[in-house]
Structures are given as C-alpha cells and as structure tokens.
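Chemist: Provided herewith is a single structure, encoded as structure tokens, for subsequent inquiry.
Protein chains: 6
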Amino acid sequence: MSYMERRLADMRQYRPDRTAPEDLEKFWAATLAEAKAKPLNDVRERTSTLSPYIEAYRVTYEGFDETPIQGWYLLPAFGGEGKRPCVVLFHGYTGGKGYPEQYSDLLMLGFAVFAIDVRGQGGETGNLLPQSFGMTRGWITQGLLDPKTSYYRAITVDALQAVRWTAEQPEIDPDRICVAGASQGGGLTLMTLALSDIPAKGIADIPNMCHMDYGILNSTGSLTEAAEFVSRHPDKLEAVLRTLSYFDALNLAERIRKPVFVSVGLKDTICLPETVFAVYNRIEAPKRLQVYPFNGHYTSGDHFRKMASFLLEPAESRAEDE
Amino acid sequence: MSYMERRLADMRQYRPDRTAPEDLEKFWAATLAEAKAKPLNDVRERTSTLSPYIEAYRVTYEGFDETPIQGWYLLPAFGGEGKRPCVVLFHGYTGGKGYPEQYSDLLMLGFAVFAIDVRGQGGETGNLLPQSFGMTRGWITQGLLDPKTSYYRAITVDALQAVRWTAEQPEIDPDRICVAGASQGGGLTLMTLALSDIPAKGIADIPNMCHMDYGILNSTGSLTEAAEFVSRHPDKLEAVLRTLSYFDALNLAERIRKPVFVSVGLKDTICLPETVFAVYNRIEAPKRLQVYPFNGHYTSGDHFRKMASFLLEPAESRAEDE
Amino acid sequence: MSYMERRLADMRQYRPDRTAPEDLEKFWAATLAEAKAKPLNDVRERTSTLSPYIEAYRVTYEGFDETPIQGWYLLPAFGGEGKRPCVVLFHGYTGGKGYPEQYSDLLMLGFAVFAIDVRGQGGETGNLLPQSFGMTRGWITQGLLDPKTSYYRAITVDALQAVRWTAEQPEIDPDRICVAGASQGGGLTLMTLALSDIPAKGIADIPNMCHMDYGILNSTGSLTEAAEFVSRHPDKLEAVLRTLSYFDALNLAERIRKPVFVSVGLKDTICLPETVFAVYNRIEAPKRLQVYPFNGHYTSGDHFRKMASFLLEPAESRAEDE
Amino acid sequence: MSYMERRLADMRQYRPDRTAPEDLEKFWAATLAEAKAKPLNDVRERTSTLSPYIEAYRVTYEGFDETPIQGWYLLPAFGGEGKRPCVVLFHGYTGGKGYPEQYSDLLMLGFAVFAIDVRGQGGETGNLLPQSFGMTRGWITQGLLDPKTSYYRAITVDALQAVRWTAEQPEIDPDRICVAGASQGGGLTLMTLALSDIPAKGIADIPNMCHMDYGILNSTGSLTEAAEFVSRHPDKLEAVLRTLSYFDALNLAERIRKPVFVSVGLKDTICLPETVFAVYNRIEAPKRLQVYPFNGHYTSGDHFRKMASFLLEPAESRAEDE
Amino acid sequence: MSYMERRLADMRQYRPDRTAPEDLEKFWAATLAEAKAKPLNDVRERTSTLSPYIEAYRVTYEGFDETPIQGWYLLPAFGGEGKRPCVVLFHGYTGGKGYPEQYSDLLMLGFAVFAIDVRGQGGETGNLLPQSFGMTRGWITQGLLDPKTSYYRAITVDALQAVRWTAEQPEIDPDRICVAGASQGGGLTLMTLALSDIPAKGIADIPNMCHMDYGILNSTGSLTEAAEFVSRHPDKLEAVLRTLSYFDALNLAERIRKPVFVSVGLKDTICLPETVFAVYNRIEAPKRLQVYPFNGHYTSGDHFRKMASFLLEPAESRAEDE
Amino acid sequence: MSYMERRLADMRQYRPDRTAPEDLEKFWAATLAEAKAKPLNDVRERTSTLSPYIEAYRVTYEGFDETPIQGWYLLPAFGGEGKRPCVVLFHGYTGGKGYPEQYSDLLMLGFAVFAIDVRGQGGETGNLLPQSFGMTRGWITQGLLDPKTSYYRAITVDALQAVRWTAEQPEIDPDRICVAGASQGGGLTLMTLALSDIPAKGIADIPNMCHMDYGILNSTGSLTEAAEFVSRHPDKLEAVLRTLSYFDALNLAERIRKPVFVSVGLKDTICLPETVFAVYNRIEAPKRLQVYPFNGHYTSGDHFRKMASFLLEPAESRAEDE
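Residue numbers (our numbering), protein chains in the order written: chain A, 2 to 323; chain B, 2 to 323; chain C, 2 to 323; chain D, 2 to 323; chain E, 2 to 323; chain F, 2 to 323.
Set out below in structure tokens:
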C-alpha cells in the first residue's frame, strides 16, 4: 500500500461525530416555512451583452429579507425552443456574480444559468441584515451569536430562493435544475441539496460549511473570522460553536437525496480534506468524488469536463464514486 | 547632513496638493448641522469593575444614525470633587473599546475617559448603516460610492457625538476635553479637531485618513480594501477617490485650531510617513511631532509619557514641534 | 494634481533608451525569411467536445523547428456560413492551451479561436530545441547565450507560424485575425504585431518581453531566471543582455502598424508598469491603454468586455487611448 | 464529541516522561542556599512619575551575581495605610520592565507591584554573567553547556531574589505576594513557585520553560536558539539537553504547593500547548487553566479580569480548573 | 524517554511498503546492459587553475545519450606516485560542478575527485534528452510519463558512467572509488551504490529519491514539480507514480552491498526524515547514520570531518550506525 | 544607456556626507596606542586534522580585553621552506572560525591562513566585555551608548591584534599579509586596512560597517538590532548614531593606503549597494570593484578565483577598478 493509498483509505474512513443541536430539524422546518411564505418580489430585465448568442437578464429577488439579491439569468440563443436545464451558481467567498460572458462555457453546453451574488460580498448586492454586535473583518461573524440572526442563515435562504425562482421561469425544465459552486458556493450547494426538493443534482467543489468544529480550529479560510471573534470575546465560544452547528453540512448530509458530485484537494488548507470527507462519507445519495491529491484550494486540469459530464448524465443514472 | 537628516528634511517639505472637492465645506456644514439636530438618546449605567478605584459606566448613545454606539465612561474614584478633564478615545481599525481596566493609566493621571467602539468593528457595537452595494472584506467600502452614505461619514459623526456627549457630563470640565487615538483613532482625532470646537487638544498617533490619494496606492493598511474594491469595479475609481477626499485630513487640516500632538514611524507601511507629514505640514495650529525613525506602525518606548506630558500641559501653552 | 495623476503623468513620459543591437533588423529579416521558407507540416483533426456548439480541431504544426506545436482550433457551430474573424491566443508563462471549453466566451462573440501551447511549458507540447549549456529552473535561459539559439526566438517564430497557419484556414477571414494574450502571451502578441503583417489588431495584456534591461533587475517574474543565470555565470552578463535585446518589444515597438490594446497594473511586480509604459509610449500605431491602478499582475472587473469591444470594433476605427 | 472536545481531552491526558537528571534536587538545594546567603545590596530610590497617584521607586538589587538588576517598585497612593499585597512581575523574552505607568491596572486593584528587568534583555539592566563560549543570537545559549553557568540559572535566581526583596519591604504583606508573567515571565513564575515558599500564588500565562525536550524540536520561540547552537556544535547535544532539564518546569512542577493560574493557546507555536499541558497536568497544587482555543502566543479578551479575579480571591480558596 | 528519543525510535521503526513495479529488475538489467555497451566517447584535457598544487582536467563523456557531460577530474599534485582513491561527486538540484578549487578539502585528504554536472542544470552541461510533452518548471518532469524516457533514468545512467569513467583512469585505484553527494547528489549516490559494483563506499547526505510516494505529497522540494504536473494533468497520476517507483531508492535499497554513510535532518521539509529513514532502515549493507535533530535541509558543524573519517576508514571495517 | 548602466552610473557618483565626529582621529589614536601596549598573551598549540597536508595550530590570544580569542593558524605542509604569505580571515555575522579543512582552498594557493572567531558569536570564543545596559537580540548593541564601550570597538581591536599576531609568526612574511572577509568580515577588513600599517592588501566582500547612517534606516541586517534598540529607548537615538559613526568605514575610508578588492550585490538588502559604493567611492588607494548586479547578500560564480587572482598579484601592481 503506497502512502497515498494509506492516506486516502484513512480519509475514506474518517467519520467524526455529528454536532447537531437538538432542535436542528425544527429550526430548519421553521426557516423553510418562513421562506416559502415570503414573496420573491422579483424583477427580471433584459440586458444586452456583447454576444448576440446570449439572452441575458438582470434579475433581482428577495431572499431572506428585503435585500434585493442580484443575479444573471442567462439563456443560450441557440438550441431550439423546448424547456432547458439550468445551473444555479453560487460563487466563492468574497466573490460576486461577475459578468454574463464568463458563463459561456455552461451556455455552450445548452444549459441556462442563474448566477447570483452572495449578499454583501464582492458583487453588486448589498446586505440589509441588521448587525447588532461587533464583528471581525469579513461577513461570517454577522449575527453569529444566534442561529436565527446568522449571516449563514440569510445566505442559505437566499440560495434556496434562487432555486425557487429558477423553477418558476418559463424557459426552464424544473426537473433539470442543478445547483453548483466552489468553496462557499460548494457549501451552499450542499445546503441547498439538503434543504430543497427542487434541485435534481448538485456539484460541490472543494466545499466549505463542512465539519466546522474541525475547521474553526484548523482552517486558514473564512472560519478564521469566527475564531478571531471568539478570541476577542472568549465567553462567546459556546454560542458560536452552537450557531455554526446549524449550518454545518456534517449535520445535514443525510438529508441529501439527489446525486452529488464533490471534489477535494488533499493539500487544501482552507476547506481541509478532513472536513470534505467527513461530510462526503455521510452522504447516502448517489455520489461521486474527485480527489486532487496535490491541489490546495483549487480544482485543476479538465475539471470543467468532469462537471459537464456529470451535468449531462441523466439524473437517474446513479453517480458512482471514482 | 546625515541620511536621516536628509530624509527628515524631505519629509518636512513634503506638501502635496490638496484634493478637496468643491463642495467640501458645504458637505461638512450640512453634516454637522444634521448631527447637532439629532438627539443623542443616550443611556448611562453604572457598572462594576474589579477595581474599587474606578467609577465605571456603560454608555450607549446614537451617533450618525440609530445605531447604539457603546462606550466606557470612566472616572477615577480619587482626586477630589471638582470637574475633571477627560480624554475621548478612538481605537484602531478592527479593534474595540476593550475593558475599563485598560484605561487605568489615564485615570491614574486624574483624567476621566470616554472610550467608544467604532461601529461594527471588534467591540460590542453593531452597525445599522445600510449596505446597498457589494463590499470587500472590512468596513471602509461600505457606502463608498457616495460621501453621504460612506462609512467614514458615519464614524466621523459618531466620534463628534462622543465629544458632544462628553461635554454634557456633569463631572467633566468641557474646556478640558482631549481627543486621542492611534491609527484609525488618530484619523478620527484629526477629523474631530477639524470639525468640532469642543476639544481643547488632540493626540493623533500614527494617524490614518491622511493623504488618502497617496495611501490608496501605497498603504498596506485599510485602504487596500478601497483599492481592491476599485480593482473589482474599475468604473468606480473616480467615485471612490471623490468620496475619500471628503474624509481626508489633508483637506481639513487647516481647520484645526487647537494644539495637536502627532506621531509618525518612518518605516510605517500602513500609515506611511508621506501621508502623516503631508497633513502635519499643513496644520497651522500649535503642533508637536514625535518621529520614530525605526518604527513601523507603532509607537514605542516612553510614548505614553510624552502623551501624558502633552495632556497635562495647560492648553494655552503652545505645543512646539520637537 | 493628485498622487495618482502625478504617477500616471510620470509613466506617460517615461521613455528610456532603446537597447537595440546594430544588426537587429538583419537578425529578424533572416529569421522571418527562414520561417516563411519552412513548411508547416500541419495536421488538423476533428475532435469532440461535450458541447454540440463547438466545432473543435486538434492541430499540430511545426513552428521554429521540428517540434510539433499543439493547438486548439475552434469554431462556433452557429453564426452562419461566411468567413469568420479569428483570435490567435498565446498563454502566460508556465501555462498551456488548456481545454476547448475555456474559450467559449470568445466563440460566443462569433470568433474562431486558435489557442496554442507555448513549447515545453505546461501544455502537451514538447520542445526539441537543443539545450547545449546549463540552465536555471524554467525555460527562458535555454540557448540564452546567443539570440540565434534562444528559446525566445523559438517561441516567437512558433507564434508567427500560428498566425500564418490561421490565415490559411478556409473558415477564416485573413483580414480579421487578432493576436492576443496576457503576460508572456502579451509579449508574444507585441512581437507578432511587430514582425508580421497578418494580424489586424492585437491585445497585449500586462505584457512581458518589454524593457527587459529594466525587468532583469527589478521584475519578480520569469526574468529572474536570466538574472540567476548571470549570477551563476557572471562572465555571461553581456551575452545575456545582448540576447534579450533582440526580443525586447522596446526595440521593436515602432514596427507595430496595427491597432493595439494594452493593459497594465500599477502594482504589478512581474511586468512592471515602467516596462509596459516604456513600450507603450513608443508605439506609433493606433493604441489604447487600460490602466489598473491597484492591480498586481492581473486584469480584473469587466476586462473581458473591454477586450470584446476592441475585438468587435472595425479595425479601421482608430483605437484611442483612454 | 466535537473535534475541540477531542483535542482538549487529548491534551488533558498528555503526560510525557520527566527528564529530570539525578542530581536535580541537589543542584537546586545548593543554588538556593547560595542565593539565600548572598546579600541583596539593594538600592531603593523614590522617583517621580507624571501621576500623582503612583508612589514609584527605582530599585536595584543583586540577584545571581553582582549584576545590578533594575526594577520598578510601585505603590498606589490611595487605599490606606495597611500592608498591601504585591505582584512581582517578570516580563516576556526580549522585553523589559518598561515604565511605571503601564502597571496602573494592577495598582488600581490596590496591589503594589515590583516589575523587574530580566538581565541583559530589552530593559536597562546589563548582564555580568561571564560568556566563555560562543553563542547564537539571543540570550539563552549563554553558559548552556553546564547548568551551573547557565543563563537560565542566573535569571531564575534573579527572580527568586526579587521575591525575597519584596517580602522585605515594609509596605508589603509578605503573605500576599503573587508572582506573575507571560511567556518567559510565565516560566519564571512556575520556577519561582516551585523553588520558593514566599509566593502565595502565581499566574503563569502561556509559559515557556516547559517540556523543553519537546520545545527544542518544535517551538518557534527562544528554544530555536538552543537548537541552532546544537546545529553549529552537534557534539554538544547531550550537554544542552542536560542543562535544559534543570530548568524545565516539567521536572519541578510537583514541587509547586500554591495556587496557580495558567493560560494556554491551542495555536501557540512558541509555547506549544503540548508543553503547557505537560506541566499543568503534573501540578498537584490548586490550579486553574484558561484555554484560548484559537490563540497563538497571546491571551485576549478579558484576560486581565480573569487574572484580577484570581489575584483578589483569598489564597486559601481552592483554585479550580475551568 | 525524552521526546527526541521517542521521535527517533519511531523513525527507526518506520518501514513503509515498497512500491516496486513488477519489472523493476528487468528494467534496470536492460538499462545497465545498454549503458555498458555504449562507448563513453570521453575527452580529458588538462586545464590550469590558480593553484600549483591541483592537477586539473576538464572532462567530457557521454552518459545516457549523446549529451557531453562535463566534469572536473582533479588530482592533488602532492602525495606521491601510487594509485589514488577517488571521490565521484554529484551535486544538489539546480547546482553544477562549480570550480576545481572548491574541492580542495578532499584533495587535501589525498583523494582524487571527479565532480560532474548533472545534465541541464546549473553547470555548463546541456541536455539532449528529447522533451516530447509539456513540463512544469524544473527538470524532473521531463519524460516522466514513462520510466524509459525519464530524466531520472538519464541522470542515473550519467552517474553510473561517471563511476565507470573514473575506474578507467590510470591514476585511480578502482577498488577505492567512493560516490558521494547531498540531496539530489545523495539520491544519485544511493542509486549508484545499488546499481554498480564499482563503488567501494558511498556518502548520501540528506538524500532525495527516497520513498517518493511519500515525498510527492509532503516534500517542498523538487517533487513538487511532479505534483504540479499531476495537478495540471490529473489523468497522469498513475503513470507518474509508476515512473517514480523505478527511481525510488526505497525499492532498490536492498541491492546496496557496500558501506554507506547517510545523514538526515529531522526538520528537513525537502528530504523529509520519513523518506530518509524509510530507505536507511531497509539497507542491509554496513551503514552509519548521522542525525541532525534541529537541521532543515542541510548538514552542519564538523560534518566534513565525519565524511572524511568515513572516507579514510578501510572499506572492510564495518560502518556502524551511530 | 541601458537601465543597468544608469543604475551603476548613479552608484558611482553616490557620495553622501561623512558623519565623522570631531574627535574621531583622537579616539582611534588612543585606541590603537592602548592596543599596542597590551600584551597578546597568546598560546599556539599544534592540533591534528584528518589531512596530512595541513599543519594546524589552535591559537588563543587576547585582543581588546582578557577574552581569549580563538583562531586556527594553518600552514600548507607543502611548498617549501621560505616565509609565506598569509590571509587573516574574519567571518560574517553570527558565524565562527569553523574547521581547519574549510580553508583548504587558500592553503592550496600556498597561503597560510589565520582564521579567528569574532567574539561571542557562533564560534568557540566567549566575550568578557561587560554588558551594563539592556540589549536587543544579537551582539552589536552591547555598549552601544558610548564608542569606548562599544562591541564594535572590541571586535575591531580583536581584528587588529590578529593581524599583529600574524606578523609575529616565524613562518609568515610580514610584508605579505592580507586581510579578508565577507559582510561583517568585510567591514573588519576595511577597518583593519584603515587602522593598521601591517596588511599589504585586503578583500572586503559585500562589507558591512559602511554608511551606517543609511543602513540603520534601510538595512535588513545586523543594524536592525541598533534600530530596534532605539525604538525601545527613543532618547538614545543621538548616542547610538554617534557611536556608530566611530566605526563607520565611510569616515575612515580615506585612511586606507593599500590595494583593496571590494564586491557588492545590487540587490543586497543587508549591505545595501548605496552603503558599499558610498565607502568605495571615497577610497583613494588602488582599488577594484566586483559588481554582482543580480545578487543579494552573496557573491557567486568564480568569485574565489577573482579573490585568488587579487591575492596572487604583486601588491605593487595597481589594482584597477573593473
């Protein structure tokens, strides 16, 4: 057995305890009910791009609160009349929805795309979630003392509403909606798969929001903001760990019922392999894992082709772990 | 002439152009009028500390908007009955008001202290300023597209209201209020001296908010947030530079009329010596400069004693540049 | 005048001496004649992608020597029958031609694409240029003691042959070929524009191969390989500087006759602004410059849209400096 | 069990072998006898501060040899006539005793303070310990080939003499002397508690001089000086490890009989958690541990308040581990 | 048991699985036969140095292919007429054979020296091994998809031919040839000892080419080039691991029959202690290990003296592990 | 004019003011007189090496005070009976005299060698200079408040006494003594050339102790210790600058009367090119400069050969600047 085989075998067997709070299911049931009851108040406006082959719309909708979440809703101008499959995309931490042209690769596959801003971050979308306590630099410590006021809750509901909005569009086949994203976007993908029946499959690249009790001590990524918050306010340790546990895919993985494609870098110090495997190992749905043994926090090579294959496969064909 | 003499002589003569927008005075006149008209809605509650010699109050007041700004108002339990001088303190970026005990050194000089949180940062104070566009990590890009909605405006008014609140306290001699702080706190000190008649003197250690047109290109500190914001949104360059110019002490330095003590580190890469000298050289009030030739972004040695001397001097005695 | 205005004004006036050797024109005349006389020995094979809208070919051709240079030749499957414009793409240092799907954004604009590997680097293309002396890590020190054996010469000719090959393809309008690339790819773009009549315009993002006598002392990029080579072999200093001068766009800029779009980051430590401006200031053709004042070695924001606008403009419309 | 619980449980059970040399007790008995027999030759001179509420003395005394060790002896000017408790303070590596004002927080609690320089470091105190062999940068390799000539021995005795001096002052209640310090100062606190009957309690923040056989291989702190010394002189490995073992709190922890308050950062790379827990787990006296799970080599938040509580508790009340 | 004793005991017992491919012996038998059959086509030319006591020759010979490998062949001008022992030296990665004078220390011991360039690296020797696929920066990914075309194979044969050439020189006692080197040179030493009967002993300082299945995941040295190659071409993982296994001393260690002296640094992140011990523990020949507990990738102190002792000992005296 | 030519031309003209104190000559006259009057109390003992061709002696002598300075005195066992030339060697900061074998290259040229420890640093030599004030990590702040007690004074006199000792040895031709060293050793070389008539020439590689008023602000080397010292004790700035000026080769360069060979790296951040050129430009003796345009704090390539050429040239042949 080579060293890499040993390392992978260890990872395949890593199965830390869940950290779910008692009222986890109740919390999410209430959250989902509230979200469903809230109108989207969406606006969809045609916008021009430099490409004659992209039919582009600037969309705003309300997610968790009144914040107008912005997104690009994009359709290829070719490929005929029928309903299309759509990929709902969540970007990585500090990023934004970018520009329509950057989704050309997915459009070229015949997919529609709905790419949203995560609130407050590097896109054009603000954030009206009230901040009632101090924070460390970044976003994740907003409202972190209580799961109900947590930024994580807001962005998860924003993501769920994006999926709901997509399913309502006339051009889209609601049975062929896929959620996807990397890092933070991968975390939101897992949350969306666990909390919504709409997505038919999901792609969670190097996802965060996984095994956060481990990540807060070991990650060099966004969880350092929570760690620094506790360092400043040592008496808030329990409250912070409790809040995180509501948004940890480790505690929700078993709710996932649709095929999922996950990727992981064994040298990733941001979304550490321990955290990704901990969640992946608990997923009971059809699943596939792409391991990048020498990658840090990035996928590489022909990864887009692997994603595309997964997207193009019939959903009923069972994803198999590679 | 030694190299250090040459370097200092160059700095003493550095006098870059002001970047003031046409309506600078109008902007501040309106802002100050609005602030003055707004009630402070303050709450002052006795709190206990472990020291029997500190009379401590937890204070909240409203500054720029409805956000309850928190502060510690502290009086030494000794030193007699009369009205006291008071130091109003603004902390550095990402920090907070901390704990009452850490101001013991000033209390021991016989001063009262009012140490506030800068909104949203590492203290206990939230931030209700609405965020209506994306941001980069940190605070300063909030509302940065318009001076009226800018985070800088909010924290400057918060600081001014802190001074106003102090002047209203029965224990305080309103003619002996000093403003002080380091880095961001030094920037707020300069702003407060320029915009309020209340403070009798000010201590601006290694201040930021100085010559920001230079800093945004060269500083490794908080202005990198604005630089990254422009990098993401290149079309916002002009708007960002314009907003910054309203809060640049370079454009307000000549309004300062009270003695001011400034410090600078020649190896500071955050609040670069060029930026501090640019402002210092324009101050026409009594002034004193402490140069730390080998310091980065920190003061050192007996700096507290230098501050204390300045605080204890009669205000009318002219500060002299060392 | 703000600090940024001062900085830009300085850059606009930076005009260091050319370092051209006496026989520069002769060298290139001979090189170009030799290249023209050499058959391309090309192979073009249809290959499948996951997208039904990309007509993709795997191409090999011979550039400077017998090395089979690999490239993707891509056509959008939509957009009608006529001859198309084409973008010939050169990648950055250590990179490769990647995968067809990543050029979807250009295809979506209606352009054909020919994206080649730079020999020996991170793509699939080897390198048969003989190595007859020691090297430092990387590629650029291969044959560096003599312009005739230099790796730079080989990759420049490879780039020129790529343009020649493109002009021969039946689907392509030879009057609407654009060359483009970033960093190393930007350097090859400038070289190709200077040395070939075929391209109708070029996009040189944050280009290297500019003012290399400055870069070898100050850049943190690939020229450190040449610097380290000289450090190991101090007696080779003159020979190395001489070889570089044959491949320095500073010495060839005045040969450029077609519109060119250049970008530069003022905080770029790899392709330093001094080096880009030195060349840009000498270009006499229609030209346009995009300055990213806060960027290191990257473009950002809507840069693709700026490139697309430039590509879509009629070539005869004069590019204007912004 | 969450990851943090697992990590803490592991640390609580970490109990590496002691490395005590055979003659450890004899060595210290002789050292203590010698120290006790040596006159302090102390000088205590009133000095002025800017605060009218601090009664300050500049003190020199002889510790291990003739080096005059300097210290600030400080009394609050308030609080009445009786004998006072006193905190004897040892600073961190490379530091110094600083300035009287910086101890205002302890004075405000009603404590006297005696803050000394550690010899030769960043204060005003020299070092007459003879250096008879080469050293690496820093202090700890002085005399490191023999416990009798070791710098560690000198500073430990200096610390013990500071305690002895304090107990002799007329203003001080000798039953309420506390020793305290962080890092190096925490190490000296543990040593002093183990070797002297005078202190009534001690506060060892993120202490060094713990489990040094582990630290010399893994710490990034001052033990790297010893490691580099061995790297230069590989034949001295045994001698160095032997010397260190005389000054390792791991070997002396069981001698501690007074309540002790210890803090540790789980991400501390200087005084690694393994080293602090190894010693803490062996202490049999009343003890309390403050774990900062996300801190490197620093305490944070309201740590001063935790220290103050511990100081103010009656010594007989048993400290309990939190 | 101290921590260092525990750490060493663990290392002494570390015995990971071999990763040898089935045809390993066949591969090397064929390779050695081919090499033996190939003429050396060597040239030996007297060259002058500044020292009258060095008899120096510039040598070229053909190793694996037609590349003329360069070396310095050096004899002390003193020490009499008889045949001499000789040290064949292989340099570290990116280095070169340097200058004759730098081998004065070995000449002063009475040894002849043959110091060669490793092909293509920082010396004067080129590299004619064809490159038929892309590479990452550096040398080791050349031909890495197939053991037959691998750069490792070429340099190993170059080293073996250097030994063969040495044995043919009239001044040399062929029974007293030692191979030696550090890092890459240490790896080549182990390979040469395993694959040739000529060397009478070998010194492998902090050797690479050991337990490469571990190193490719954990080393910060040259194996990162292979790791990055796989990151770019994920489908090549198996091929790369397979190729490396042919050149991993872990799989050839048991073929070593002559005394060998190995050194290792416990803090070496390039040639990690796990990799060196894995190989050392499998060597069945007389062996000696020098552990530098606090060293990174370097030897230190009197290491040359330890090497000299080993060189001067009669070969038959059994090396003993220290 | 290429950029490098411009840069060199600037350096050649760099001529900052001297910073010499009024009593500089008096200070050195007294120091030299005192040193001359002091007996060397030297011990010279034959020691064995592993090489039969090195005649080695372990030497101790007293330099500035009673500290026994250790050195290796080495003679080649070959080369006949007459008096030999000798190189007196001073090592770089933190180093030591090492082992006799490492000087084989100079012995091979026929030179004797006397290589000494700089007191207190990484060799075997202690340091009895009393330390009467605090220090920062390292050596140079010892006694820095007064030129008379400065560590620089002690090591300069130690170096001078080494030269004096050498001239007294029966094997040595006192007219052919050369002083040499790199970095700190280069600084001591310049000092020795300026203050003693004995040396016939000197080699100062990348020397420190040059233009220290510039270095203390800009160097990343040992002068940061002085800078940090001032940072801790801001009131000592003048005293520190004054002390340094006594040991700054800038103020003594014009005393040098013997040929000197200097080297400099244009990218050296420790001994910055400005500092080396400032001194070199003031030397009026025959001089030669080797510029390494791409080197940091190291020489490279065939530098030893350049040194050897300089050593072997007749002293009367005028060194010429290259």
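No residue lacks a Cβ here, since even glycine has one placed at the ideal position from N, Cα and C.
Strictly below 9 Å CB to CB, what residues from chain A border Pro17(E)?
Modeler: Neighbours of Pro17(E) on chain A, chain order: Met2, Ser3, Tyr4 and Arg7.
Chemist: Report back the beta-carbon spacing between Phe28(A) and Ala155(A) to the nearest angstrom; my notes put them in contact at under 8 Å.
Modeler: At roughly 14 Å, the Cβ-Cβ gap does not stay under 8 Å, so Phe28(A) and Ala155(A) are not in contact.
Chemist: Does chain F have any CB closer than 8 Å to the CB of Arg233(D)?
Modeler: yes
Chemist: Could you tell me the distance, in whole angstroms, from the CA atom of Tyr4(F) to the CA atom of Cys272(E)?
Modeler: Our two residues, Tyr4(F) and Cys272(E), have alpha carbons roughly 41 Å apart in a direct line.
Chemist: Please work out which residues of its chain come closer than 6 Å, Cβ to Cβ, to Val60(A), disregarding the five sequence neighbours upstream and downstream, and give them in chain order.
Modeler: Arg45, Gly72 and Tyr74
Chemist: Specify, as a first and last residue, the run of the beta strand (DSSP E) that Ser343(D) falls within.
Modeler: This structure cannot settle anything about residue 343(D), because the visible part of chain D is limited to 2 through 323.
Chemist: Do Ala250(B) and Gly188(B) have their beta-carbon atoms positioned less than 8 Å apart in this structure?
Modeler: yes
Chemist: Might you give, ordered along the chain, the residues of its own chain that have their beta carbon closer than 8 Å to the beta carbon of Glu323(C), omitting 5 neighbours on each side?
Modeler: Any reading at Glu323(C) needs caution, since the residue's pLDDT is 48, under 50, leaving its predicted position unreliable; the model's value is listed next. The residues are Arg289, Leu290 and Gln291.
Chemist: Determine the extent of the beta strand (DSSP E) in which Thr32(B) is found, giving its start and end residues.
Modeler: Segment Leu25 to Ala38 is the alpha helix (DSSP H) holding Thr32(B); no beta strand (DSSP E) there.
Chemist: Can you find a CB in chain I that lies within less than 8 Å of the CB of Pro131(E)?
Modeler: No chain I is part of this structure, whose protein chains are labelled A, B, C, D, E and F.
Chemist: With C-beta atoms as the reference, is Leu107(B) less than 8 Å away from Val88(B)?
Modeler: yes
Chemist: Taking Cβ-Cβ distances below 8 Å as the criterion, which residues of the region 103-123 of chain C are in contact with chain A?
Modeler: Gln103, Ser105, Asp106, Leu108, Met109, Leu110 and Gly111
Chemist: Which runs of the alpha helix (DSSP H), 4 residues or longer, sit entirely within the region 208-273 of chain C?
Modeler: 213-219, 224-233, 238-247 and 250-253
Chemist: Could you name each continuous beta strand (DSSP E) segment of 3 residues or more that falls completely within the region 84-150 of chain F, going from the start of the chain to the end?
Modeler: 85-91 and 113-117
Chemist: How many whole angstroms separate the CB atoms of Met109(E) and Tyr281(F), which I take to be in contact at a CB cut-off of 8 Å?
Modeler: That pair is no contact at about 34 Å.
Chemist: From this set, Thr50(D), Tyr152(D), Glu239(D) and Val277(D), which residue's C-alpha is nearest Ser220(D)'s C-alpha?
Modeler: Checked all of Thr50(D), Tyr152(D), Glu239(D) and Val277(D); the closest Cα to Ser220(D) is Val277(D).
Chemist: Are the beta-carbon atoms belonging to Ala205(A) and Val263(A) less than 8 Å from one another?
Modeler: yes
Chemist: With a threshold of 16 other CB atoms inside 10 Å of the CB of Glu82(F), please say whether the residue is buried or exposed.
Modeler: Exposed: under 16 other Cβ atoms inside 10 Å.
Chemist: Spatial neighbours of Ala57(C) within its chain, please: CB distance less than 6 Å, with the 5 preceding and 5 following residues excluded, ordered by chain position.
Modeler: Thr48, Thr50, Leu75 and Pro101
Chemist: Is the Cβ of Tyr100(D) closer than 8 Å to any Cβ of chain B?
Modeler: The beta-carbon of Tyr100(D) is placed less than 8 Å from the nearest beta-carbon of chain B.
Chemist: Does any CB atom of chain B fall closer than 8 Å to the CB of Phe134(A)?
Modeler: yes
Chemist: Who pairs with Ala163(A) in a beta bridge, going by DSSP?
Modeler: DSSP output for Ala163(A) lists no bridge partner at all.
Chemist: Quick one: is Glu67(D) near chain F, going by C-beta distance under 8 Å?
Modeler: no
Chemist: Tell me which same chain residues have a C-beta within less than 7 Å of the C-beta of Arg19(E), skipping the five on either side of it?
Modeler: Leu251 and Asn252
Chemist: Where DSSP assigns a beta bridge to Lys202(E), which residues make up the other side?
Modeler: Cys179(E)
Chemist: When the distance is taken between beta carbons, is Cys179(D) closer than 8 Å to Pro148(D)?
Modeler: no
Chemist: Quick one: what's Ile284(A) bridged to in DSSP?
Modeler: Paired residue(s): none; Ile284(A) is not in a bridge.
Chemist: What are the boundary residues of the beta strand (DSSP E) that includes Gly186(B)?
Modeler: In the DSSP assignment, Gly186(B) falls outside any beta strand (DSSP E) and lies within the alpha helix (DSSP H) extending over Gln185 to Leu196.
Chemist: On the criterion of 16 or more Cβ atoms from any shown chain inside 10 Å, does Thr32(F) qualify as buried, or is it exposed?
Modeler: Thr32(F) is buried by the Cβ-count criterion.
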